[in-house]
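Chemist: Got a structure here, written out as C-alpha coordinates. Questions coming.
Pasting the structure below:
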(Lines of atoms letter the chains of each structure in order from A and count residues from 1; the text may use other names and numbers.)
(Lines give C-alpha, C1' and ligand atoms only; values in the text may rest on other atoms or scores of the structure.)
Protein backbone atom coordinates (compact mmCIF):
# COMPACT_ATOMS: atom_id res chain seq x y z
CA UNK A 1 0.00 0.00 0.00
CA UNK A 2 1.43 3.38 -0.93
CA UNK A 3 1.07 6.57 1.07
CA UNK A 4 -1.76 7.71 -1.19
CA UNK A 5 -3.66 4.45 -0.73
CA UNK A 6 -3.99 4.60 3.07
CA UNK A 7 -7.74 4.70 3.72
CA UNK A 8 -9.12 7.66 5.66
CA UNK A 9 -12.10 7.46 7.94
CA UNK A 10 -14.16 10.16 9.55
CA UNK A 11 -15.51 9.23 12.96
CA UNK A 12 -19.18 8.38 12.76
CA UNK A 13 -21.52 9.59 15.50
CA UNK A 14 -21.52 7.13 18.38
CA UNK A 15 -18.17 5.58 17.46
CA UNK A 16 -15.30 5.57 19.96
CA UNK A 17 -13.44 7.93 17.65
CA UNK A 18 -16.36 10.35 17.68
CA UNK A 19 -16.59 10.14 21.45
CA UNK A 20 -12.88 10.85 21.67
CA UNK A 21 -13.15 13.81 19.37
CA UNK A 22 -16.09 15.20 21.33
CA UNK A 23 -14.36 14.61 24.65
CA UNK A 24 -11.25 16.41 23.44
CA UNK A 25 -13.08 19.31 21.85
CA UNK A 26 -12.46 22.60 23.52
CA UNK A 27 -9.86 21.29 25.94
CA UNK A 28 -6.35 22.66 25.96
CA UNK A 29 -3.94 20.41 24.12
CA UNK A 30 -1.38 20.90 26.85
CA UNK A 31 -1.73 22.70 30.13
CA UNK A 32 1.94 22.80 31.08
CA UNK A 33 3.90 26.01 30.67
CA UNK A 34 6.83 24.18 29.11
CA UNK A 35 6.08 21.75 26.29
CA UNK A 36 8.55 19.55 24.52
CA UNK A 37 6.59 18.74 21.36
CA UNK A 38 5.31 21.02 18.63
CA UNK A 39 1.56 21.40 18.11
CA UNK A 40 1.72 19.04 15.11
CA UNK A 41 3.78 16.44 17.00
CA UNK A 42 1.34 16.63 19.91
CA UNK A 43 -1.64 16.06 17.56
CA UNK A 44 0.10 12.99 16.12
CA UNK A 45 0.94 11.73 19.60
CA UNK A 46 -2.69 12.15 20.70
CA UNK A 47 -3.83 10.02 17.74
CA UNK A 48 -1.13 7.42 18.45
CA UNK A 49 -1.97 6.98 22.14
CA UNK A 50 -5.63 6.88 21.15
CA UNK A 51 -4.87 3.71 19.19
CA UNK A 52 -2.64 2.18 21.89
CA UNK A 53 -5.52 2.42 24.40
CA UNK A 54 -8.63 3.25 22.37
CA UNK A 55 -11.97 4.42 23.74
CA UNK A 56 -14.53 1.63 23.71
CA UNK A 57 -17.70 0.53 25.46
CA UNK A 58 -15.73 0.15 28.72
CA UNK A 59 -14.83 3.82 28.78
CA UNK A 60 -12.52 6.57 27.52
CA UNK A 61 -9.14 5.77 26.03
CA UNK A 62 -5.71 7.31 26.33
CA UNK A 63 -6.52 10.35 24.15
CA UNK A 64 -9.49 11.26 26.33
CA UNK A 65 -7.42 10.65 29.47
CA UNK A 66 -4.86 13.26 28.40
CA UNK A 67 -2.00 10.80 28.01
CA UNK A 68 -0.53 13.08 25.33
CA UNK A 69 -0.30 15.84 27.96
CA UNK A 70 1.40 13.45 30.40
CA UNK A 71 3.99 12.39 27.80
CA UNK A 72 4.61 15.95 26.61
CA UNK A 73 5.19 17.12 30.18
CA UNK A 74 7.50 14.18 30.84
CA UNK A 75 9.48 14.98 27.68
CA UNK A 76 9.88 18.56 28.89
CA UNK A 77 11.03 17.29 32.30
CA UNK A 78 12.33 13.98 33.62
CA UNK A 79 12.22 12.16 30.27
CA UNK A 80 13.83 14.94 28.21
CA UNK A 81 16.47 12.53 26.94
CA UNK A 82 13.68 10.59 25.14
CA UNK A 83 12.52 13.64 23.16
CA UNK A 84 14.62 12.87 20.02
CA UNK A 85 13.28 9.30 19.97
CA UNK A 86 9.69 10.57 20.09
CA UNK A 87 10.28 13.24 17.48
CA UNK A 88 11.84 10.74 15.07
CA UNK A 89 9.13 8.14 15.69
CA UNK A 90 6.27 10.59 15.24
CA UNK A 91 7.88 12.02 12.09
CA UNK A 92 8.27 8.51 10.65
CA UNK A 93 4.58 7.76 11.29
CA UNK A 94 3.58 11.01 9.58
CA UNK A 95 5.84 10.29 6.62
CA UNK A 96 4.45 6.77 6.23
CA UNK A 97 0.90 8.11 6.03
CA UNK A 98 1.65 10.93 3.66
CA UNK A 99 -1.00 13.52 2.82
CA UNK A 100 -3.55 14.10 5.55
CA UNK A 101 -1.41 12.99 8.45
CA UNK A 102 -1.56 10.13 10.90
CA UNK A 103 -4.56 11.51 12.80
CA UNK A 104 -6.72 11.41 9.68
CA UNK A 105 -5.85 7.82 8.75
CA UNK A 106 -8.39 5.07 9.35
CA UNK A 107 -8.05 3.10 12.60
CA UNK A 108 -6.99 0.03 10.58
CA UNK A 109 -4.25 2.00 8.81
CA UNK A 110 -3.07 3.50 12.11
CA UNK A 111 -2.93 0.06 13.68
CA UNK A 112 -1.00 -1.35 10.72
CA UNK A 113 1.61 1.41 10.99
CA UNK A 114 1.91 1.00 14.76
CA UNK A 115 2.33 -2.75 14.28
CA UNK A 116 5.20 -2.05 11.88
CA UNK A 117 6.69 0.44 14.36
CA UNK A 118 6.47 -2.17 17.12
CA UNK A 119 8.13 -4.80 14.91
CA UNK A 120 10.88 -2.37 13.94
CA UNK A 121 10.00 -2.54 10.23
CA UNK A 122 8.77 1.03 9.69
CA UNK A 123 11.45 3.20 8.10
CA UNK A 124 12.77 5.96 10.34
CA UNK A 125 11.32 4.69 13.62
CA UNK A 126 14.00 4.43 16.32
CA UNK A 127 14.33 1.02 17.93
CA UNK A 128 13.34 2.36 21.37
CA UNK A 129 10.28 4.31 20.18
CA UNK A 130 7.48 1.79 20.55
CA UNK A 131 8.59 0.38 23.90
CA UNK A 132 8.89 3.92 25.31
CA UNK A 133 5.53 4.86 23.84
CA UNK A 134 3.84 1.82 25.37
CA UNK A 135 5.45 2.35 28.79
CA UNK A 136 4.63 6.07 28.87
CA UNK A 137 1.07 5.49 27.63
CA UNK A 138 0.43 3.07 30.48
CA UNK A 139 1.96 5.50 32.98
CA UNK A 140 -0.15 8.38 31.68
CA UNK A 141 -3.34 6.34 31.61
CA UNK A 142 -3.07 4.83 35.07
CA UNK A 143 -0.75 7.16 36.99
CA UNK A 144 -1.75 9.92 39.35
CA UNK A 145 -3.56 12.75 37.52
CA UNK A 146 -1.20 15.32 39.05
CA UNK A 147 1.22 14.50 36.19
CA UNK A 148 -1.20 15.46 33.42
CA UNK A 149 -2.71 12.12 32.39
CA UNK A 150 -5.56 10.05 33.81
CA UNK A 151 -7.85 13.07 33.33
CA UNK A 152 -10.95 12.87 35.51
CA UNK A 153 -9.55 9.62 36.98
CA UNK A 154 -10.79 7.65 33.94
CA UNK A 155 -7.85 5.22 34.07
CA UNK A 156 -8.40 4.46 37.73
CA UNK A 157 -12.13 3.99 37.12
CA UNK A 158 -11.35 1.63 34.25
CA UNK A 159 -9.32 -0.71 36.48
CA UNK A 160 -11.42 -0.19 39.61
CA UNK A 161 -8.74 1.60 41.61
CA UNK A 162 -10.44 3.77 44.22
CA UNK A 163 -7.61 6.27 44.56
CA UNK A 164 -5.36 7.09 47.47
CA UNK A 165 -6.69 5.85 50.78
CA UNK A 166 -4.72 6.27 53.96
CA UNK A 167 -6.97 3.98 56.00
CA UNK A 168 -8.54 0.73 54.79
CA UNK A 169 -11.24 -1.06 56.77
CA UNK A 170 -11.18 -4.82 57.16
CA UNK A 171 -14.28 -5.04 54.92
CA UNK A 172 -12.50 -3.11 52.19
CA UNK A 173 -9.61 -5.56 52.35
CA UNK A 174 -11.80 -8.59 51.71
CA UNK A 175 -11.37 -10.47 48.43
CA UNK A 176 -13.84 -9.14 45.83
CA UNK A 177 -14.74 -6.18 48.03
CA UNK A 178 -15.98 -3.15 46.14
CA UNK A 179 -14.42 0.08 47.33
CA UNK A 180 -16.18 3.19 46.10
CA UNK A 181 -13.85 5.51 44.19
CA UNK A 182 -12.78 8.61 46.10
CA UNK A 183 -10.87 10.21 43.22
CA UNK A 184 -8.15 11.50 45.48
CA UNK A 185 -4.84 12.47 43.92
CA UNK A 186 -1.51 12.93 45.67
CA UNK A 187 -2.12 16.63 44.94
CA UNK A 188 -4.54 16.65 47.90
CA UNK A 189 -1.58 15.89 50.15
CA UNK A 190 0.74 18.48 48.61
CA UNK A 191 2.12 16.39 45.73
CA UNK A 192 3.04 18.30 42.60
CA UNK A 193 3.40 17.28 38.98
CA UNK A 194 6.25 18.12 36.67
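Residue numbers (my numbering): 2 to 195.
A virtual CB, placed ideally from N, CA and C, is assigned to each residue, including glycine.
What you are looking at is a predicted structure, and each value in this text was computed from that prediction instead of being measured.
To which residues of the same chain is residue 188 closer than 7 Å at the C-beta, ignoring the five residues directly before and after it?
Modeler: The residues are 147.
Chemist: In this structure, how does DSSP classify residue 77 when only helix, strand and coil are distinguished?
Modeler: Correct three-state label for residue 77: coil.
Chemist: Below 8 Å on the Cβ atoms is my guess for residue 67 versus residue 149; work out the distance and round it to an integer in Å.
Modeler: Confirmed, Cβ separation roughly 6 Å.
Chemist: Taking Cβ to Cβ, would you say residue 125 is nearer than 8 Å to residue 104?
Modeler: Contact flag unset, no.
Chemist: Write down the C-beta distance between residue 77 and residue 36 rounded to the nearest angstrom, noting that I regard them as a contact closer than 8 Å.
Modeler: The Cβ separation is near 6 Å, so the contact holds.
Chemist: Can you check which of these residues, 159, 162, 141 and 131, is closest to residue 69 by C-alpha distance?
Modeler: The candidate whose alpha carbon is nearest that of residue 69 is 141.
Chemist: From the DSSP output, read off the bridge partner residues of residue 57.
Modeler: The partner list for residue 57 (beta bridge, DSSP) reads 60.
Chemist: Can you tell me where the alpha helix (DSSP H) with residue 137 in it begins and where it stops?
Modeler: Where residue 137 is concerned, the enclosing alpha helix (DSSP H) stretches over 130-143.
Chemist: Enumerated in chain order, which unbroken segments of the alpha helix (DSSP H) with a length of 4 residues or greater are wholly contained in the stretch 153-177?
Modeler: Listed in chain order, the complete alpha helix (DSSP H) runs (minimum 4 residues) inside the stretch 153-177 are 155-160.
Chemist: Report the start-end ranges of each beta strand (DSSP E) in the stretch 72-119 that is 3 residues or longer and not cut off at the edges.
Modeler: List check, beta strand (DSSP E) in window: nothing returned.
Chemist: Work out the CA separation of residue 176 and residue 34 for me, nearest whole Å.
Modeler: Note that residue 34 has pLDDT 43, beneath the 50 cutoff, so the model's placement of it is unreliable and the number below is only indicative. Straight-line Cα distance between these residues: approximately 43 Å.
Chemist: Is there contact here, the stretch 130-138 with the stretch 83-101, by at least three beta-carbon pairs under 8 Å?
Modeler: A contact exists between the stretch 130-138 and the stretch 83-101.
Chemist: What do you reckon, are the CB atoms on residue 50 and residue 138 nearer than 8 Å?
Modeler: For residue 50 and residue 138, yes; Cβs fall inside 8 Å.
Chemist: Let me know the secondary structure DSSP gives residue 48 once reduced to three states.
Modeler: Three-state result, residue 48: helix.
Chemist: Since residue 184 contacts residue 164 with CB under 8 Å, what's their CB separation in whole angstroms?
Modeler: Confirmed, about 5 Å.
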